[in-house]
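Protein chains in written order, with the numbering used here: chain A, 9 to 191; chain B, 9 to 191; chain C, 9 to 191; chain D, 9 to 191.
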């Protein structure tokens, strides 16, 4: 399956970026994961949406060609980062490549809550009729106190977290296949 | 009072931009309203937050010097636009100029709901401890079907909407003065 | 299909109760709709959940035997009524009859917003892992200013609203059949 | 100060009930805390709100006479329990005793998230114009894995949690006094 991972942080050594890379490597047999640079997009502007810049068009095409999308995001101010919201803004207009796509949400924080509120906002955004993605029901992957559960190389070293991630990814792949079969 | 209006849309003829300008002009006796260009900011990046680009520093200083902030935002996908979220991301880090500031929220839509869900997310963001702005309690200004209530010059022509806006602004000014007095 | 309609208001002449009855009658060919009395349930109490009162057990069995659930709810204080929350509290414990069930949400208000915020909370509740219902994606049925769109007999007289309801119900039935087929 | 603590669970040995009692005892010098039984209220019914049952009237009077309200609630299905929502439904109609009242929110869970989502819904409910309570800004008290932080007698034994509770209560009392002074 071709999967795009959208990462909500653009700093180089972001834990969430490392988490996306960990997923890319660990499940390479089941998923071919690409991680685009959301920081390279311009701000969404309705005045140019019909003739969007080449960067935006290429980005949208990438999502259109994918079998699914994995969001990997930190929490900023109880919500998602603006850079991630902006990417979704582009994806929700004209052609809408997220519509009907199977989606999974992951997040990591230094604190104890593991991006629970960011994920709550993100689910509402993805449920909106203009996006209408299909978010994996039930499972939530909240990686709290990530600094204690990931080594410098970016591997998750906490076995319970890895086990739960394995479980979520398996559920997600099953969900994506069911969706594809029912369409 | 020195007020900054943060507008969530960057397209030229945005109804929400016009709404901000309408507020700027109508209440010029009570408020000196400045409308910065949020589209000129880079994406928030933790790697550079301690030595932020000059644009960001100037923007943050503008908020720091203000007596209050008015958010005027469209709704994208049941939430706020990424460009507005990004501005708040910068404002929520290092010095946090929104903390304790009196805030009012306005929004306009073509449809019947007047940005109710965007305002709901925005209130949660502004309530978060990293932002901790003080949002005017009670009043909500939701300008639905704005295309029927605003003329080409950008004046609100619907008298009930103007009346309610007058009421909200009066409450906001009273709220801002009370906050200032209690600090 | 056997459908249970859960109504969030217990007053006799509730618009939302009438809306549930309208759905029951209009789509009688496609759905056999039952409307239980949520006001007859006791408050959820963990101390007695394993040996719940007969009323609660009968209510849970009704949901278990159903092919789907339609929520029809007013909005109280930007959320759902306590009486509806309480019914869900019972349904979310021990046997969990809502899990995997196809769900549609309807709501009516006197004002212009049509229960949009109640529906937003309700979707979050139904998405939670303890409930894990499957809410119809995309469509939203918000019956605003219901006093102008429904006659005394409880029929919706606004043709656009009826058309949209027909569309939502058709989508819901398709969604329910797809879910049933994929299980 | 006369404070009413509204507890969202009605089972006898509820951790949240114990938390309310702990607050009642620890801060007895600063607050006189009463804990009414929300399970004794009938379901809210608009048909009888103008001549509400004696129990409801007495409950509303208790809130009216209080200087502030502390909510102590578990999280059910990412939201607040129906029994607590129902109490707020009564308080939000006819006379509205929560309007303008200073409010603090506390919650305890067995799991790692400490009722963060219930508190998020509760804040939105309390912010709604029909309630318009004044929720303490900034501080959040989330008592996660309470079974490890509270002894059988109901005392919080985790010193960091007690320290943070002391801090939140001090902030709340200051906030309540400021509100009272500015009215």
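Just so it is clear, CB atoms sit at the ideal spot from N, CA and C, and this is done for glycine as well. The structure presented is a predicted model; accordingly, all values stated were derived computationally and were not measured.
Sequence-distant residues of the same chain with beta carbon closer than 8 Å to residue 103 (chain A), five excluded per side | The answer, listed in chain order, is 68, 72.
Would you mind reading off the limits of the beta strand (DSSP E) that contains residue 112 (chain D)?
-> Unbroken beta strand (DSSP E) run through residue 112 (chain D): 110-116.
Measuring CA to CA, which of B:11, B:64, B:115, B:176 is closest to residue 76 (chain B)?
-> The alpha carbon of residue 76 (chain B) has as its nearest neighbour, out of B:11, B:64, B:115, B:176, the alpha carbon of B:11.
Since I believe residue 128 (chain A) is in contact with residue 125 (chain D) (beta carbons under 8 Å), could you give me their beta-carbon distance rounded to a whole number of angstroms?
-> Right, their Cβ atoms sit about 7 Å apart.
Is any beta-carbon of chain D found at less than 7 Å from that of residue 143 (chain A)?
-> False, the Cβ-Cβ gap to chain D never drops below 7 Å.
Selected residue, minimal CA-CA separation from residue 155 (chain D), among D:169, D:93, D:62 = Distances from the CA of residue 155 (chain D) to each of D:169, D:93, D:62 were compared; the closest alpha carbon is that of D:169.
Mind checking if residue 156 (chain B) is an interface residue toward chain A, Cβ cutoff 7 Å exclusive?
-> For residue 156 (chain B), no CB of chain A lies under 7 Å from its own CB, so it is not counted at the interface with that chain.
Leaving out five residues before and five after residue 28 (chain A) in sequence, what residues of the same chain have Cβ atoms less than 6 Å from its Cβ?
-> The beta carbon of residue 28 (chain A) sits closer than 6 Å to the beta carbons of 13, 15, 43, 80 from its chain, once the five residues preceding and following it are set aside; these are given in chain order.
Could you give the DSSP three-state label for residue 52 (chain A): helix, strand or coil?
-> Residue 52 (chain A) sits in coil when the DSSP states are folded into three classes, being neither helix nor strand.
Enclosing beta strand (DSSP E) for residue 76 (chain B) [first to last residue] = Element bounds for residue 76 (chain B): 76-80.
Spell out a yes or no on whether the region 106-122 of chain D and the region 106-121 of chain C are touching, meaning 3 or more CB-CB pairs, one atom from each, closer than 8 Å.
-> Output reads no: the region 106-121 of chain C does not touch the region 106-122 of chain D.
Which class does residue 41 (chain C) belong to by DSSP, given the choice of helix, strand or coil?
-> Residue 41 (chain C) sits in a strand when the DSSP states are folded into three classes.
For the region 119-131 of chain D, which residues have a CB atom closer than 7 Å to at least one CB atom of chain A, in sequence order?
-> Those residues of the region 119-131 of chain D that come within reach of chain A (Cβ to Cβ, closer than 7 Å) are 120, 121, 124, 125, 128.
Cβ atoms of residue 123 (chain B) and residue 115 (chain B): under 7 Å apart, would you say?
-> Going by C-beta atoms, residue 115 (chain B) is nearer than 7 Å to residue 123 (chain B).
Who are the neighbours of residue 152 (chain B) on chain C, taking C-beta pairs under 8 Å?
-> The answer, in chain order, is 120.
Going by DSSP, name the residue or residues bridged to residue 182 (chain B).
-> DSSP, once it has assigned bridges, lists no residue as partnering residue 182 (chain B).
May I ask which residues mark the beginning and end of the alpha helix (DSSP H) holding residue 64 (chain D)?
-> Segment 62-72, the alpha helix (DSSP H) holding residue 64 (chain D).
What is the DSSP secondary structure of residue 161 (chain C), reduced to helix, strand or coil?
-> In the structure shown, residue 161 (chain C) sits in coil (DSSP, three-state: anything other than H, G, I, E or B).
Below 7 Å between beta carbons: does that hold for residue 211 (chain D) and residue 131 (chain D)?
-> The question about residue 211 (chain D) has no answer here: the residues shown for chain D are numbered 9 through 191.
Does residue 137 (chain B) get closer than 7 Å to chain D when you measure Cβ to Cβ?
-> Cβ-Cβ to chain D under 7 Å: yes for residue 137 (chain B).
Would you mind working out which of B:105, B:133, B:91, B:180 sits nearest residue 51 (chain B), comparing C-alpha positions?
-> Nearest to residue 51 (chain B) by alpha-carbon distance, out of B:105, B:133, B:91, B:180, is B:91.
Using 10 angstroms around the beta-carbon of residue 25 (chain C), count the other beta-carbons present and answer buried if the total reaches 16, otherwise exposed.
-> It is buried - the Cβ of residue 25 (chain C) has at least 16 other Cβ atoms within 10 Å.
Could you tell me which residues DSSP pairs with residue 149 (chain A) in its beta bridges?
-> DSSP, once it has assigned bridges, lists A:114 as partnering residue 149 (chain A).
Give the residues of chain A in contact with residue 21 (chain C), contact being defined as C-beta atoms less than 7 Å apart.
-> The premise fails here: residue 21 (chain C) is roughly 32 Å from chain A at the closest Cβ pair, so nothing lies under 7 Å.
So, are the CB atoms of residue 38 (chain D) and residue 181 (chain D) less than 7 Å apart?
-> The Cβ-Cβ distance between residue 38 (chain D) and residue 181 (chain D) falls below 7 Å.
From this set, C:158, C:49, C:53, C:74, which residue's C-alpha is nearest residue 63 (chain C)'s C-alpha?
-> For the set C:158, C:49, C:53, C:74, the Cα lying nearest the Cα of residue 63 (chain C) is the one of C:49.
Express the C-alpha separation of residue 158 (chain C) and residue 162 (chain B) in angstroms, rounding to a whole number.
-> If you draw a straight line from the Cα of residue 162 (chain B) to the Cα of residue 158 (chain C), it comes to about 36 Å.
Name the one or two DSSP bridge partners that residue 87 (chain B) has.
-> DSSP lists B:84 as partners of residue 87 (chain B).
Alpha-carbon to alpha-carbon, residue 30 (chain A) and residue 34 (chain D) = Roughly 47 Å between the two C-alpha positions.
Work out the CA separation of residue 164 (chain B) and residue 173 (chain A) for me, nearest whole Å.
-> Rounded to whole angstroms, the gap between the alpha carbons of residue 173 (chain A) and residue 164 (chain B) is 52 Å.
Throw me the rounded Cβ distance for the residue 184 (chain C) and residue 110 (chain C) pair, which I believe falls under 8 Å.
-> Contact between residue 184 (chain C) and residue 110 (chain C) holds, since their C-beta atoms are separated by about 4 Å, short of 8 Å.
Within the 7 Å Cβ cut-off, does residue 93 (chain A) reach chain B?
-> It does; some Cβ of chain B falls within 7 Å.
Cα-Cα separation between residue 136 (chain D) and residue 101 (chain C), rounded to whole angstroms = Roughly 29 Å between the two C-alpha positions.
Consider the Cβ of residue 146 (chain A): report whether some Cβ of chain C lies at a distance smaller than 7 Å.
-> Among the residues facing chain C, residue 146 (chain A) is included, as its CB has a counterpart in that chain under 7 Å away.
From the DSSP output, which residues share a beta bridge with residue 142 (chain C)?
-> Partner(s): C:110.
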